[in-house]
Amino acid sequence: MQQLLLKIGTLSLALLGCQLASANEFYSADRQWLFGDWNGERKQLEDQGYKFTAAIMSQAATNLAGGYNDDRSFDNAAQLTLGANFDLNKIAGWENTTAGLMITKRDGNALTLERIKDPRASTLGNSQEIYGRGKIWRLTQAWIKTGFDDNRVQFKIGRMGMSDDFNSSQCEFQNLLLCGGQLGKSIGSIWYNWPVSLWGTNVKYQFAPDWSLGVGVYEVNPDNVKTDSDSDGFNLDMDNVEGATIPVELAWKPKLATFNGLPGEYKLGALYSTAEAKDIRSGEMQDGKYSFWLNAQQQLTQHGADSKRGLYISFNGVVSDKATTFVESTQQLALWYKGPFDSRPNDSIGFGLANYVVNDRVTDKQIATNEGRGYYSYDVLASDYVPIQHDELNVELNYTYQWSPAVMLRPNLQYIYQPSGVKEVDDAWVAGLSVKVNF
């Protein structure tokens, strides 16, 4: 499967060498899908309520300097996505009701694990955000959503990722912490992001034109993140459920005069998990754990009459239970300009910074463990030495080249300060390239 995904990614790049002008041509810059509209069948199916998607994402990375091992390496991670969305109002007459189905397959390797971090240290960031949660097929979505009271109340139930509906954010970068919501990167033992799905349900209530409130209940089930075989990705049982995670989120979508009426979105949330969690310092079991978050995104400028072009900014922050979490907090700040050139209105330039803050209780315990083993300074050779972890800062500069709605390329340059929070590991420079093809 890995060879197949890599071949598809290579083919996608090769296709870009042909530049044809007409929107009807296979490689046209106006082409919505690489395989076209199936002679009109695709549009006809959508009109009937059936929408099908297929996409492949490839993320390559190579180390330019620094890191734990500075031997040059080129690593590629890939993800295949197959999806379907059903408008059940058109199909069955169920008003304001939709259903979603998504299957994914990940493969490849991560440069961060191969070269950037000390292999003895717990992983924090990753220069390829689609790597992780196993090289297996997964049922990523299987849900149904319906609306009431003129669709102001929406109820959703089924298999889904938690960041589909809570702590969600833009993904304009290849670096993990700069892509999407933050909770899955800091409390991944209870908060499962794409491509993992879990049983859950949520309700969202739009109580004013710009305001909504959401609450959800999701299982905490370690079976959902097993990666031993492809069957683990389709686990549906709840035999080993350890508790529930309950998120609450308040969302505000204003058009503030301060920003000339341009759209923004601001979300404040909190969660509590009823699953037992181990105290970082004492090892004793606690009744649960909690986290708080803030997501903010605002369009700052608009270019001419095109409402989509202009400068955007986003901030994401998470603060978690200090007693039980390895990463105490994360912060992310990003800027991107959509449509930097009149000839490239769908391209963008992005710059972002993201920071992991390791719990000082973790650092203190690592120091005590090493001193108990007779280590009072960094030992690069000892297998039982535990690297002392602090903060890790990730920086990325990229250019998104939107060849067409069907094909996207994103070359990027990344800088990682203190990989995995280990001061003795050299800061790393990484060059990356993301390619996405919608079939």
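According to mature numbering (1 follows the signal peptide of the UniProt record, and there is no 0), the stretch in the sequence shown is residues -23 to -1, 1 to 416, in order. Glycine included, C-beta positions come from ideal geometry on N, C-alpha and C.
Of the residues the options, which one's Cα is nearest the Cα of residue i?
i           : options                           : result
Asp187      : Gln279, Lys244 and Ala54          : Lys244
Glu242      : Glu226, Ala254, Tyr249 and Ser250 : Glu226
Tyr108      : Ala61, Leu41 and Gln36            : Gln36
Met385      : Gly281, Gly26, Asp24 and Ile33    : Ile33
Thr307      : Lys162, Gln21, Gln131 and Arg97   : Lys162
Arg387      : Ala76, Thr81 and Phe150           : Phe150
Ile121      : Gln276, Ser284, Gly111 and Thr74  : Thr74
Asn212      : Tyr314, Thr222, Gly43 and Ser174  : Ser174
Val372      : Asn347, Ser360 and Trp406         : Trp406
residue 417 : Gln366, Gly287, Gly329 and Asp205 : The structure shown does not extend to residue 417, since the chain spans only -23 to 416, so no value can be given for it.
residue 430 : Leu190, Trp171 and Phe269         : Because the chain spans -23 through 416 in this model, residue 430 falls outside it and cannot be assessed.
Leu160      : Asp404, Phe269 and Ser208         : Phe269
Val180      : Thr222, Gly287, Ile134 and Pro172 : Ile134
Tyr314      : Lys285, Asn272 and Val295         : Lys285
Gln86       : Glu72, Val218, Gly111 and Tyr182  : First, the residue type needs correcting, since residue 86 is Asn and not Gln in the sequence shown. The shortest C-alpha separation from Asn86 is found at Gly111.
Met215      : Arg321, Asp298, Ile326 and Asp200 : Asp200
Ala61       : Thr251, Ile80 and Asn347          : Ile80
Leu370      : Gly287, Phe184, Gln309 and Ala185 : Gln309
Asn217      : Gly44, Tyr362 and Asn198          : Asn198
Between the beta-carbon of residue i and the beta-carbon of residue j, is there less than 8 angstroms?
i           : j      : result
Pro224      : Gly193 : yes
residue 422 : Tyr267 : No information on residue 422 is available, as it lies outside the stretch -23 to 416 that the chain covers here.
Glu196      : Gly165 : no
Trp10       : Ala311 : no
Thr58       : Ala38  : no
Thr278      : Asp324 : no
Gly210      : Leu116 : yes
Leu155      : Ala331 : yes
Gly316      : Asp283 : yes
Ala54       : Phe63  : no
Phe303      : Val339 : yes
Phe328      : Leu374 : yes
Tyr333      : Leu153 : no
Asp256      : Ala300 : yes
Arg83       : Gln105 : no
Glu305      : Asn272 : no
Assign residue i to buried or exposed, taking buried as 16 or more other Cβ atoms, counted over all protein chains shown, within 10 Å of its Cβ.
i      : result
Gly70  : exposed
Cys148 : exposed
Val357 : exposed
Asn103 : buried
Trp15  : exposed
Arg49  : exposed
Lys20  : exposed
Leu88  : buried
Tyr353 : exposed
Glu72  : exposed
Ser320 : exposed
Which residues share a DSSP beta bridge with residue i?
i      : result
Asp283 : His280
Leu410 : Ala37 and Pro388
Tyr355 : Partner(s): none; Tyr355 has no beta bridge.
Val304 : Val335
Phe132 : Thr123 and Val180
Val225 : Val192 and Ala247
Val173 : According to DSSP, which records beta bridges pairwise, Val173 is partnered with nothing at all.
Val402 : DSSP, once it has assigned bridges, lists no residue as partnering Val402.
Met79  : Gly60 and Gln118
Arg321 : Phe318
Ser297 : Ser268
Thr30  : Gly60
Can you check whether the C-beta of residue i is within less than 8 angstroms of a C-beta belonging to chain B?
i      : result
Asp214 : Protein chain content of the structure displayed is limited to a single chain, and chain B is not contained in it.
Pairing CB atoms from the segment 119 to 132 with CB atoms from the segment 385 to 399, are three or more of them under 8 angstroms?
Contact between the segment 119 to 132 and the segment 385 to 399 is absent, with fewer than three C-beta pairs closer than 8 angstroms.
Any 3 or more C-beta pairs closer than 8 angstroms across the segment 132 to 146 and the segment 92 to 105:
Output reads no: the segment 92 to 105 does not touch the segment 132 to 146.
How do the segment 400 to 408 and the segment 23 to 30 stand: do at least 3 beta-carbon pairs fall below 8 angstroms, yes or no?
With a cut-off of 8 angstroms, the segment 23 to 30 and the segment 400 to 408 do not count as touching, because too few Cβ pairs lie within range.
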